[in-house]
Amino acid sequence: MAEEFDDEFDGPVKRFLFVNRKAPYGTVYALESLEVVLISAAFDQDVSLVFMDDGVFQIVKDQNTDGINIKNFSRTYRALEGYDVEKLYVEKESLEARGLSEDDLLVPVEVLDSKALSELMNAQDVVISA
Amino acid sequence: MKFGILVNEGPFTHQASDSALQFVTAALKKGHEIVRVFFYHDGVNNSTKFSDPPSDDRNIVKLWSALAEEHGVELIVCVAAAMRRGINDEVLAPGFQISGLGQLVEAGINADRLVVFGD
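Protein chains in written order, with our numbering: chain A, 1 to 130; chain B, 131 to 249.
Structure (structure tokens):
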């Protein structure tokens, strides 16, 4: 499997962390940021995602956008696994402040407190936030 | 040091583009290298030649074009974000080029630091 991907990109691999801080709808940041995640995966980079602040709403289950005429793109987060993007983190404080728990989320995540998250960020080569 | 720059906001509404311009100018003055400036989200609105602010205000688009002209700074506008917002080759100001998101990822790979300017 790994060899198959090596044919596509032979350059260096860096640790990319995408920090998602905004609600999925209301602004376009979440949707467009997901595009960069997919491209980074296509470049075989070591990709992680963090959801914090209102960004935790991006991966809440049972999203329904019928009433606002905006595409519900939440299924794309489920597809990330197929791009070998499996490191998803959620900030504990953000989740709790919004009355949410891991059971409310549509993908498996690791919940980290803000201190652990800052260590995760420090360990990255590239941090892209929106 | 080699810097990659990501601009996520349009001109005037946010200060992000001004800050990015000032950062790039200062970095070049100190002898650093700018591998690429990538414009994403509403940042693509920095690239239109039809921007025409009042004459007593700074002209952000022209300042970017001048950086490209004087220092060869590569100004790349995301094609998908641009198409959403009515930006194409016909409206591009001098020095800007439309390309894909791969250029952003490549900037992240090739630069020592990728600096994000946004909301």
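Where is the CB? At the ideal position from N, CA and C, for every residue including glycine.
Where does the unbroken beta strand (DSSP E) through residue i begin, and where does it stop?
i	result
GLU163/B	163 to 169
ARG148/A	As shown, chain A starts at 1 and ends at 130. That puts residue 148/A outside it, with no answer to give.
VAL126/A	126 to 129
PHE133/B	132 to 137
Got a sec, what are the start and stop residues for the alpha helix (DSSP H) residue i sits in?
i	result
TYR29/A	29 to 42
PHE57/A	Segment: none, PHE57/A is in no alpha helix (DSSP H) and carries neither H nor E.
ALA150/B	146 to 159
So that I know if they touch, is there some Cβ in chain A lying closer than 8 Å to that of residue i?
i	result
ILE228/B	no
GLY225/B	no
VAL165/B	no
VAL207/B	no
ILE239/B	yes
VAL246/B	yes
VAL154/B	no
HIS171/B	yes
VAL137/B	no
Is there a Cβ of chain B sitting closer than 8 Å to that of residue i, yes or no?
i	result
GLN45/A	yes
GLY55/A	no
ILE68/A	no
GLY82/A	no
ILE59/A	no
ALA123/A	no
ALA97/A	no
PRO24/A	no
ASP6/A	For ASP6/A, the predicted structure reports a pLDDT of 48, less than 50, and the residue's modelled location is therefore unreliable. The matter cannot be settled from this model.
ALA130/A	yes
ASP50/A	Here residue 50/A turns out to be Val, not Asp, going by the sequence shown. Closer than 8 Å: no.
LYS92/A	no
PHE18/A	no
Around the Cβ of residue i, are there at least 16 other Cβ atoms within 10 angstroms (buried) or fewer (exposed)?
i	result
PRO183/B	exposed
THR143/B	exposed
SER195/B	buried
ILE217/B	buried
ARG78/A	exposed
ALA212/B	buried
VAL203/B	buried
SER185/B	exposed
THR65/A	exposed
Just to make sure I have the definition right: I need the residues of chain E whose C-beta is within less than 9 Å of the C-beta of residue i. Which are they?
i	result
ALA211/B	Among the protein chains of the structure shown, namely A and B, there is no chain E.
Residue i bridges to which residues according to DSSP?
i	result
VAL111/A	VAL90/A
SER48/A	LEU17/A, LYS87/A
ARG75/A	Answer by DSSP bridge pairing: none, since ARG75/A is not bridged.
PHE247/B	VAL137/B
LEU105/A	VAL60/A
> Could you give the uninterrupted runs of the beta strand (DSSP E) lying entirely in the segment 161 to 240 of chain B, keeping only those of 3 residues or more?
Replying inline: 163 to 169, 205 to 208, 226 to 229
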